[in-house]
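Structure first, then comments.
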Amino acid sequence: AQRVTQPEKLLSVFKGAPVELKCNYSYSGSPELFWYVQYSRQRLQLLLRHISRESIKGFTADLNKGETSFHLKKPFAQEEDSAMYYCALMTRPGGGNKLTFGTGTQLKVEL
Amino acid sequence: ETGVTQSPTHLIKTRGQQVTLRCSSQSGHNTVSWYQQALGQGPQFIFQYYREEENGRGNFPPRFSGLQFPNYSSELNVNALELDDSALYLCASSPRGGSSYNEQFFGPGTRLTVL
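Taken in sequence, the protein lines are chains A and B.
If you number the first sequence the way this note's numbering does, the last residue is 114 and the count never jumps.
If you number the second sequence the way this note's numbering does, the last residue is 120 and the count never jumps.
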């Protein structure tokens, strides 16, 4: 069965410091990975997906199949980055698309 | 473009009762997924509906059931409510397709409390 692990419940950094939110996955198939973000009082929204190899709001994430990791990184944290971040793995049971989420990491950027 | 909407926002029920939660998908989306998010946890997949048929189910008992209507809106029904059913229930819609580019768009959720 698939599994997503986010080892840190809370990550606190100072503004301007680098950020790395850790995500490890367990899946026997070819992984499709995503990062979702939830800002205060807002709904869950997609931040980025590995297949696009894009940078969104300065965040990047590289899929490392050898280490089964998909860590989220940003070189310089901003106050507006404070939010809850979820790593998610997509699988396709029965032709549909199902997301398996980690437990999330609360990022707090301090001034 | 209208986003995913859910109703009601909050709901309080007692153990043993039944509840129905509703979701309207984003315009142009024909697939709806339901997730349960317990306090301090990530969302857990309940099931998905496509063309009014269940299209994938997570590890939830049969007392969790759903419907999808011709306009792609959806209902989640939970019978014989238990205390552990207290959670935020999220609905997500997406366009159908086999590509990873099919993003799931989430609604604001319904907060269910079972007493």
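Glycine residues also receive a C-beta, built at the ideal position from the N, C-alpha and C atoms.
Give the DSSP-derived three-state secondary structure of residue 59(B) in the structure shown. The three-state reading of DSSP puts residue 59(B) in strand, counting E and B together.
Who are residue 102(A)'s beta bridge partners in DSSP? Answer is 93(A).
Can you tell me the Cβ-Cβ gap for residue 80(B) and residue 25(B), rounded? I've got them flagged as a contact below 8 Å. Taking C-beta atoms under 8 Å as the contact rule, residue 80(B) and residue 25(B) qualify, at a distance of about 6 Å.
What are the start and end residues of the beta strand (DSSP E) that includes residue 39(A)? Note, residue 39(A): beta strand (DSSP E), 35-41.
Nearest-angstrom Cβ-Cβ length linking residue 81(A) and residue 13(A), presumed shorter than 8 Å: So it is not a contact: roughly 18 Å between Cβ atoms.
Taking C-alpha atoms, which residue in 95(A), 91(A), 113(A) lies nearest to residue 40(A)? With distances taken between Cα atoms, residue 40(A) lies closest to 91(A).
Where residue 42(A) falls, given that 16 or more other Cβ within 10 Å makes a residue buried: Answer is exposed; the Cβ neighbour count stays below 16.
Beta strand (DSSP E) containing residue 17(B): first to last residue? Unbroken beta strand (DSSP E) run through residue 17(B): 15-18.
Residue interval of the beta strand (DSSP E) (run including residue 71(B)): Going by DSSP, residue 71(B) is part of the beta strand (DSSP E) stretching over 69-73.
Could you tell me which residues DSSP puts in a beta bridge with residue 82(B)? Looking at the DSSP output, residue 82(B) bridges to 25(B), 70(B).
Rounded to a whole number of angstroms, what is the C-alpha to C-alpha distance between residue 61(A) and residue 101(A)? Rounded to whole angstroms, residue 61(A) to residue 101(A) spans 27 Å at the Cα level.
Beta-carbon neighbours of residue 104(A), restricted to chain B and to distances below 9 Å: 40, 42, 46, 47, 48, 49, 50, listed in chain order.
To the nearest angstrom, report how far apart residue 47(B) and residue 19(B) are at their CA atoms. Cα-Cα distance, rounded: 24 Å.
Answer with buried or exposed for residue 120(B), where buried requires no fewer than 16 other C-beta atoms within 10 angstroms of its C-beta. Burial call: exposed.
Cβ of residue 99(A) within 7 Å of Cβ of residue 49(B)? Contact: no.
Name the two residues that bound the continuous beta strand (DSSP E) containing residue 68(A). Element bounds for residue 68(A): n/a, residue is neither H nor E.
9 Å Cβ cut-off: residues of chain B touching residue 89(A): Within chain B, 47, 48 have C-beta atoms less than 9 Å from the C-beta of residue 89(A), given in sequence order.
Through-space distance from residue 117(B) to residue 90(B), alpha-carbon basis: Spanning the two alpha carbons is a distance of roughly 8 Å.
Tell me whether the beta-carbon of residue 55(B) lies closer than 7 Å to the beta-carbon of residue 27(B). For the 7 Å CB-CB criterion, residue 55(B) and residue 27(B) do not form a contact.
Any C-beta of chain B under 7 Å from that of residue 101(A): So, interface residue.
At a Cβ cut of 8 Å, what residues of the stretch 48-70 of chain A count as close to chain B, listed as they run along the chain? Taking 8 Å as the Cβ-Cβ cut-off against chain B, the residues of the stretch 48-70 of chain A that qualify are 48, 49, 52, 54, 55.
In chain B, which residues lie with their C-beta within 9 Å of the C-beta of residue 46(A)? Correct list: 8, 9, 95, 110, 111, 112, 113, 114.
C-beta neighbour in chain A for residue 73(B), strict 7 Å: Not one chain A Cβ lies under 7 Å of residue 73(B).
Please tell me whether residue 107(A) has its Cβ less than 7 Å away from any Cβ of chain B. Yes, residue 107(A) lies at the interface with chain B (some Cβ there is under 7 Å from its Cβ).
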